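Asker: Take this structure, written in structure tokens, and hold onto it; I'll ask about it next.
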Amino acid sequence: MLEILLAMIGSQKVEQSSHILSRERFKHLPEPMQRYMTQSGVVGKEIARTIHLKQEGLFNLTGKKWIPIKAEQTFNTERNEFIWKARTGVMFVVDQFINNRGSLTVRLFDLIKVEEASGPEVDQGEALRYLTECIWFPSGFASDRIIWESIDDHSARGSIQYCDKTASAVFHLNDKGEIIEITARRYAKEDNGMVLQDWVIHDLKYKVFAGIRIPFKASVGWNKDGLIQDYYRFEITEIAYNAT
Numbered sequence: 018m019l020e021i022l023l024a025m026i027g028s029q030k031v032e033q034s035s036h037i038l039s040r041e042r043f044k045h046l047p048e049p050m051q052r053y054m055t056q057s058g059v060v061g062k063e064i065a066r067t068i069h070l071k072q073e074g075l076f077n078l079t080g081k082k083w084i085p086i087k088a089e090q091t092f093n094t095e096r097n098e099f100i101w102k103a104r105t106g107v108m109f110v111v112d113q114f115i116n117n118r119g120s121l122t123v124r125l126f127d128l129i130k131v132e133e134a135s136g137p138e139v140d141q142g143e144a145l146r147y148l149t150e151c152i153w154f155p156s157g158f159a160s161d162r163i164i165w166e167s168i169d170d171h172s173a174r175g176s177i178q179y180c181d182k183t184a185s186a187v188f189h190l191n192d193k194g195e196i197i198e199i200t201a202r203r204y205a206k207e208d209n210g211m212v213l214q215d216w217v218i219h220d221l222k223y224k225v226f227a228g229i230r231i232p233f234k235a236s237v238g239w240n241k242d243g244l245i246q247d248y249y250r251f252e253i254t255e256i257a258y259n260a261t
């Protein structure tokens with residue numbers, strides 16, 4: 018009986034330890050990304066399996082007027098999925114990446130569908146969102162579905178696998194291990210259809226949530242001929258990891 022009890026305790030310890038992020042789990046990452054993991058304080062903490070966050074910010078797709086926006090987002094890291102729900106004025110937006118497929122739906126008063134998008138180009142964009150938004154739950158970068166390539170002492174390329182494809186982004190870091198910019202080629206909607214453009218996340222500011230230091234404020238835009246045209250500026254107001 019004692020041997021059985023000890024075996025049960027031992028198995029429980031193994032199971033519990035498997036949920037804790039150790040340095041061993043991300044030693045395969047390029048050195049700059051290892052610095053990011055270390056500066057975040059995530060080592061020794063529980064691996065994030067579900068994440069729920071709230072955002073507030075400003076949105077601008079016309080290049081003219083910025084409008085307030087509020088959003089909530091939920092991630093499932095075991096399936097590499099997310100759902101982002103936002104409201105701006107009378108418009109309700111759902112952006113998601115589920116079962117390796119991306120989609121965008123916009124409704125007026127949350128009733129009348131005014132826009133819907135899906136397809137390979139949207140899949141790529143939403144896969145990029147998941148990859149880059151791992152900055153908010155650093156343990157996600159250690160996923161075996163993300164392939165890493167070292168570029169230099171201050172940058173690394175991550176590529177996330179979805180279906181039989183990959184989406185890639187370059188993470189740029191400073192000496193302190195902070196990600197200061199993320200760049201990628203992402204599809205944008207133009208008059209002549211979906212076109213690959215230079216996409217950038219920049220102006221990142223850091224804050225500690227639940228003992229983890231992450232970017233809580235940033236700007237997102239398109240880099241057109243060296244000129245960055247932002248369309249989203251936001252900050253995270255709340256974030257919860259593995260909440261029941």
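Under the numbering used here, residues 18 to 261 are what the sequence shown spells out, in order.
Beta carbons: idealized from backbone N, C-alpha and C, even for Gly.
Since the structure is predicted, the reported quantities are computational estimates derived from the model, not experimental observations.
1. Answer yes if the segment 176-190 comes into contact with the segment 145-153, meaning at least three C-beta pairs across the two stretches below 8 Å, and no otherwise.
2. Output the distance between the C-alpha atoms of residue 168 and residue 157, rounded to the nearest integer angstrom.
3. Tell me, please, which residues DSSP counts as bridged to residue 240.
4. Just checking, does the segment 229-239 make contact with the segment 33-48 on the three C-beta pairs under 8 Å criterion?
5. Count the other CB atoms, across all protein chains shown, that sit within 10 Å of the CB of residue 37; report buried if there are 16 or more and exposed otherwise.
6. Excluding five sequence neighbours on each side, which residues of the same chain lie with their C-beta closer than 6 Å to the C-beta of residue 71?
7. Go ahead and label residue 82 buried or exposed: buried means 16 or more other beta carbons lie within 10 angstroms of its beta carbon, across all protein chains shown.
8. Ordered along the chain, which non-local residues of its own chain (more than five positions away) have a Cβ less than 6 Å from that of residue 251?
9. Below 8 Å between beta carbons: does that hold for residue 163 and residue 196?
10. Under three-state DSSP, which class holds residue 95?
11. With distances taken from CA atoms, which of 98, 41, 105 is nearest residue 114?
12. Express the C-alpha separation of residue 257 and residue 2 in angstroms, rounding to a whole number.
13. Determine the extent of the beta strand (DSSP E) in which residue 39 is found, giving its start and end residues.
14. Run the CB neighbour count on residue 52, radius 10 Å, all protein chains shown included, and call it buried at 16 or more, exposed below.
15. What residues in its chain sit with their C-beta under 8 Å from that of residue 191, if we drop five residues either side in the sequence?
16. Give me the residue from 248, 210, 214, 194 with the minimum Cα distance to residue 203.
Answerer: Per the coordinate set shown:
1. Segments in contact, yes.
2. Straight-line measurement puts the Cα of residue 157 at about 20 Å from the Cα of residue 168.
3. Beta-bridge annotation (DSSP): residue 240 is paired with 215, 245.
4. No contact exists between the segment 229-239 and the segment 33-48.
5. By the 10 Å Cβ count, residue 37 comes out exposed.
6. Same-chain partners within the cutoff: 89, 254, 255.
7. With fewer than 16 Cβ atoms within 10 Å of its Cβ, residue 82 is classed as exposed.
8. Excluding positions up to five away in sequence, the list reads 72, 74.
9. It is not a contact, given that the beta carbons lie outside the stated cut-off.
10. Three-state result, residue 95: coil.
11. Nearest C-alpha to residue 114: 98.
12. Residue 2 falls outside the range modelled here, since the chain spans only 18 to 261, and no answer is possible.
13. DSSP places residue 39 in no beta strand (DSSP E); its state is neither H nor E.
14. Buried, because 16 or more other Cβ atoms sit within 10 Å of the Cβ of residue 52.
15. Only 171, 197 meet the Cβ criterion.
16. Selection 248, 210, 214, 194 evaluated against residue 203 yields 214 as nearest (Cα-Cα).
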